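Sequential numbering of the sequence shown, starting at 56, is according to the numbering used here.
The beta carbon of each residue, even a glycine, is placed where N, CA and C say it ideally should be.
Owing to the predicted nature of the structure, the values given are computational and were not obtained by experimental measurement.
Working notes, beginning with the structure itself.
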Amino acid sequence: MLIDTHGRVATDLRVSLTDRCNLRCTYCMPEEGLAWLAKSELLTDDEIVRLIRIAVTRLGVTEVRFTGGEPLLRPGLVGIVDRVARLAPRPRISLTTNGIGLARTADVLREAGLDRVNVSLDTLRPEVFKALTRRDRLSDVTAGLAAASRAGLVPVKVNTVLMPGLNEDEAPDLLAWALDHDYELRFIEQMPLDAQHGWQRTGMITAGDVLASLRTRFALEPEQSQERGSAPAERWIVNGGPGRVGVIGSVTRPFCAACDRTRLTADGQVRNCLFAREETDLRAALRSEGDPAHVDEEVVRLWRAAMWAKKPGSGLDDPSFLQPDRPMSAIGG
Ligand code: SAM
Ligand code: SF4
56 MLIDTHGRVA
66 TDLRVSLTDR
76 CNLRCTYCMP
86 EEGLAWLAKS
96 ELLTDDEIVR
106 LIRIAVTRLG
116 VTEVRFTGGE
126 PLLRPGLVGI
136 VDRVARLAPR
146 PRISLTTNGI
156 GLARTADVLR
166 EAGLDRVNVS
176 LDTLRPEVFK
186 ALTRRDRLSD
196 VTAGLAAASR
206 AGLVPVKVNT
216 VLMPGLNEDE
226 APDLLAWALD
236 HDYELRFIEQ
246 MPLDAQHGWQ
256 RTGMITAGDV
266 LASLRTRFAL
276 EPEQSQERGS
286 APAERWIVNG
296 GPGRVGVIGS
306 VTRPFCAACD
316 RTRLTADGQV
326 RNCLFAREET
336 DLRAALRSEG
346 DPAHVDEEVV
356 RLWRAAMWAK
366 KPGSGLDDPS
376 FLQPDRPMSA
386 IGG
C-alpha cells in the first residue's frame, strides 16, 4: 500500500500524459504558453504503462485518472488506456479533459476501456469562453460532452472554476444546463497553481459564494450520507432530486485529512500532493540499467517513500505557504 505517516492510504493515481495544452485558461497558463517538456523528458507509453502496472499490482492503486495538460493531445492515449484496462486487477479508468477532440475520440476511448470522463467547462457564453480560455472553442467542448454521454462514458462530470468579473454570475445557468443534459456539475475553487502566480485569496469565488448564488434559483439539501470520505466534492441534492451538484472547496473547505491521491507527472516524477514542493524521480530509476525485476523493486521503494513523507495538509492556510514551482498543467490537475 501507499500509506503515509498520518494513516492515509493512496489508491487514486492521477497520471499527467503531457504538459501541453490547446487552451490557455487564465487561471492555469499564460497566453504565450509555457516552456514545454522535451520529448526525451516525457515518459514513453511503455514507461507509463509499466509504472501504472506497478501501482496497480504492487501498491494498491484502484483508480487511474489521466490528465495533463490536455491528455487528448497525447498521441498514444488510446493505446495506453487499452493496456491499462487489461491489467489485473483492472483499475477504474477516467480522463480529465477540456473536451476538445472528444467528439472524435469518445467511442474509441470507450472501446479501449475508458470508464468515465470529467470535462472542464467554465461558461456557456462564447465570448466569456474566449476571454477565459483565450480560444474560441466552446462548441467543440459541448460537442465533446454530448459524444461522451452517447458513448456511455458516464456519469459525465463537468468541472467549473468561477472567476471574478468573468463567469462568477453563471453558476445557476450552468446548473440548469447540466441538469438538463444529465451531466454532474462540480464547482472547484480556484487554487494558487497558475503559472503566472496571479492567484489572490481575497479575489477568489469561494464555495460559500457558489452555494449562495445557486440558492437564488435552486433549493439545495446536503446529500443524505454527507459522508464525504475521500471525495473532495460536497454534494447537494437539487430541488428535491434526482439532480445533484458538487462544490469542491479546495481552499476554504480542505479535504486533506481524507486525501487518497498520488500523482505522476508527465516526466515521471511522483508528487504526494498538488501543493508539494518535493518530487521523487521514478523516470531515472526506470531508465537505469539493470535487471527489470530489481528496477520494479526500486520503483516500489521510491514510490512508497515519497508517499510516506506526505504532509498533513496543503499548507494553504500557513502564512509561510509557497506556491509549488510547477503549475497545475505540469503537475496534472
Ligand atoms: N486540460 C484538462 C482540463 O482542463 O480538464 C486537464 C488538466 S486541467 C489542469 C485539470 C483541471 O484543473 C481542470 O478542471 C481545470 O479547470 C483545473 N484547474 C486548472 N488550474 C486551476 C486552478 N488554478 N485552480 C483550480 N482549478 C484549476
Ligand atoms: Fe489547458 Fe486544462 Fe490548463 Fe485550461 S485548465 S489551460 S484546458 S490544462
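query, result
"Integer Cβ distance of glycine 199 from glycine 156, believed to fall under 8 Å", "7 Å"
"Cβ-Cβ separation, threonine 188 to arginine 79 (assumed contact under 8 Å), whole Å", "6 Å"
"For review: beta carbons within less than 7 Å of any heavy atom in ligand 2", "Cys76, Leu78, Arg79, Cys80, Cys83, Met84, Gly123, Gly124, Glu125, Asn153, Ser175, Thr188, Met383, Ser384 and Gly388"
"Aspartate 74 beta carbon less than 7 Å from that of glycine 124", "yes"
"Assigned secondary structure, glutamate 276 (DSSP; H/G/I helix, E/B strand, else coil)", "strand"
"Contact test: isoleucine 260 Cβ vs ligand 1 heavy atom, cutoff 6 Å", "no"
"For valine 293, the first and last residue of its enclosing beta strand (DSSP E)", "289-293"
"Per DSSP, cross-strand counterpart(s) of serine 149", "Arg120 and Arg171"
"Where glutamate 239 falls: helix, strand or coil (DSSP)", "strand"
"Rounded separation between alanine 90 and isoleucine 292 - CA only", "43 Å"
"With 16 other Cβ atoms within 10 Å as the buried cut-off, status of asparagine 153", "buried"
"Supposed close pair leucine 234, alanine 226 - CB separation, criterion 8 Å", "Actually they do not touch by this definition, with Cβ atoms about 13 Å apart."
"heavy atom of ligand 1 below 6 Å from isoleucine 148 C-beta", "no"
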